[in-house]
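Visitor:
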Amino acid sequence: MGTQAAQIYRFDASGCNGCDVEVVEILALLPGVDLGFEIAERPADAQVLIVTGGANLKSKAELQHAYAALKAPRLVVAVGSCAASMGIFKGGYSMTGPIDSIIPVDLYIAGCPPRPQVILGALAEALQLSVDGLEPLLRTPEGYRGDPHVDRETCVGCSACANVCPADAIEILDGEGRRVVRFRREACVFCGTCQDVCPTESVTLRPGDPSWYRAKGASTSEAALPLAQCGVCGVAFMPEAQLAWAMRRVEERRALDAADREAFRHSLHVCMACRRSRIPDVREAKRLLTSLEKKTAIVS
Amino acid sequence: MELGAAKNRVIVYDAGLCTGCRYCEIACAVWHCGRIDVGQSRIRILFNAENRAEPYAAVNCQHCEEPLCATVCPSEAMRKDRETGWVTVNASTCIGCEMCRVACPLAVPVFDEAQKVAVKCDLCHGEPECVKHCSSRALWLAPREEALRVNERFYLAAGGNP
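Chains as they are written, first to last, in our numbering: chain A, 208 to 507; chain H, 871 to 1032.
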């Protein structure tokens, strides 16, 4: 773009407005530094289209019009999790899909919302503007939340993170005798709930790679865990590591005698369906529970 | 623990009296979910005609004195109330890790796919519907000490009641 000002047309396709505020920030971010961005009033005056929010029934057609009116060469930037994946609005009655299901998107900027420095860095790279000396500013500082990373050594695959994720950003894929826990970059809203609930403190949101990308589908981090087979029916049911975690936890907190510990270890390796449907297993389970109850009664 | 085992009452099941009518399951589902959907029942009656020695069994929460589910729960959502003796899940703090299901030898807690939390028997806050509707009095409420004596006879004694 050279010395010519980059004309930006902003489009809020329906979001919370957080990303829009951050986009405006890039104009006044660095005193004395002018990268030459200007806000265009009409899409026909702009080459850059910045879209925030996931599209809904009302904004879909408007978005298509805005895209059609852009000057060449077009650069469409989807800012924030909603634009990339509808974020926490996914499943909303009026939502019609992420931006790239309506118009072609050249660049995605991750965040909920992304920091203005990140938006600036992404635009500078896409428009080949010089950011000499500004690089440290464009990086996410230590202590801030960045992409989620899972520790493959300590994750037990319990899927609590996926169950609490408000944006459905964590996939649990069971198959071929293993469970894969997969963090999807485009859907993450960086709320940190997965980090909060993880029983083994295996998830951390830490700053790392640049927060922009050109193709979706990449995972920020994933863990693969072998699944245990049911001792009765042979089906792969829960990660081995999760069973081991439960065993360890019980051993740490309860004084089981050798027979009860062995019975408990055996029951851990029976799948939930068998435990709840096979009479011999139910009997065995009640025998163990009665045995434990008897010892508790004696202690108390 | 000072409250003593006798103050708390738990559900006892006698497989020898059970007829497999499953009224308990219906009553439980209606009370907890407002509809006759035995899949939602917190108690489950098993019947296997081929198993002549033990044709019936119940999967029901024992509301253990030291519950394994609460022992493993990482978020303290599964708790035993020392006053009442009930073992219940706090749905607001449950993180859906399914550790309680893994630890319970009966897999009593089930995973609610809609709420993404564990759900289980809450003893209907003291007046269990399954006991009220049991047609053959195979289910009854007993003080913990009595329940232990009965269960010992059923499950620990050699050749006990199936």
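Backbone N, C-alpha and C fix where the C-beta goes; we use that ideal spot for every residue, glycine too. Fair warning: this is a prediction, and the values are worked out from it, not measured in the lab.
Roughly how many angstroms lie between the CA atoms of Glu524 of chain A and Ser945 of chain H, to the nearest whole one?
Guide: Missing from the structure shown is residue 524 of chain A; chain A here goes from 208 to 507 and no further.
Visitor: May I have a chain-ordered list of the alpha helix (DSSP H) segments no shorter than 4 residues that lie completely inside the segment 317 to 383 of chain A?
Guide: Counting only runs of 4 or more, we get 323 to 333, 342 to 345, 367 to 371.
Visitor: Under the rule that 16 or more other beta-carbon atoms within 10 Å means buried, what is Thr303 of chain A, buried or exposed?
Guide: Buried is the call here.
Visitor: Using the beta-carbon count (16 or more within 10 Å), is Asp339 of chain A buried or exposed?
Guide: exposed
Visitor: Counting only C-beta atoms, is Cys934 of chain H closer than 8 Å to chain B at any point?
Guide: This model lacks chain B altogether, as its protein chains are A and H.
Visitor: Look at the Cβ atom of Arg392 of chain A, then the Cβ atom of Thr427 of chain A, and state whether they are nearer than 8 Å.
Guide: yes
Visitor: Cα-Cα, which of H:Val900, H:Asn878, H:Ala885 is closest to His1003 of chain H?
Guide: H:Val900
Visitor: Step through the CB atoms of chain A and report whether any lies within less than 8 Å of the CB of Pro1013 of chain H.
Guide: no
Visitor: Measure the Cβ-Cβ separation of Thr503 of chain A and Glu953 of chain H and say whether it is below 8 Å.
Guide: No, the pair does not count as a contact, with Cβ atoms beyond the cut-off.
Visitor: So is Gln449 of chain A in contact with chain H if we call contact Cβ pairs under 8 Å?
Guide: yes
Visitor: Do you know how far the Cα of Pro446 of chain A is from the Cα of Phe917 of chain H?
Guide: 30 Å
Visitor: Give a yes or no on whether the minimum CB-CB distance between Leu887 of chain H and chain A is below 8 Å.
Guide: no
Visitor: In three-state DSSP terms, what is Leu938 of chain H?
Guide: helix
Visitor: Per the contact definition of three or more C-beta pairs closer than 8 Å, is the segment 359 to 375 of chain A in contact with the segment 406 to 421 of chain A?
Guide: Taking 8 Å as the limit for Cβ pairs, the verdict is that the segment 359 to 375 of chain A does touch the segment 406 to 421 of chain A.
Visitor: Which value, in whole angstroms, describes the spacing of the CA atoms of Pro1032 of chain H and Tyr893 of chain H?
Guide: Legend: pLDDT at Pro1032 of chain H = 49, less than 50; position of this residue unreliable, value from coordinates given subsequently. In a straight line, the C-alpha of Pro1032 of chain H is about 21 Å away from that of Tyr893 of chain H.
Visitor: So, is the C-beta of Leu1009 of chain H closer than 8 Å to a C-beta in chain A?
Guide: no
Visitor: Between which two residues does the alpha helix (DSSP H) harbouring Met969 of chain H extend?
Guide: 969 to 973
Visitor: Are Ala220 of chain A and Thr259 of chain A close, meaning C-beta to C-beta below 8 Å?
Guide: It is a contact, given that the beta carbons lie within the stated cut-off.
Visitor: Is it right to say Cys463 of chain A is buried, meaning 16 or more other beta carbons lie within 10 angstroms of its own, or is it exposed?
Guide: Inspection of the sequence shows that residue 463 of chain A is occupied by Leu rather than by Cys. Around the beta carbon of Leu463 of chain A, a 10 Å sphere encloses 16 or more other beta carbons of the protein chains shown; the residue is thus reported as buried.
Visitor: Mind checking who Ala928 of chain H pairs with in its DSSP beta bridge?
Guide: H:Ile915
Visitor: Residues of chain H with CB closer than 8 Å to the CB of Pro406 of chain A, please, in chain order.
Guide: Pro944, Ser945, Ile965, Cys967, Met969
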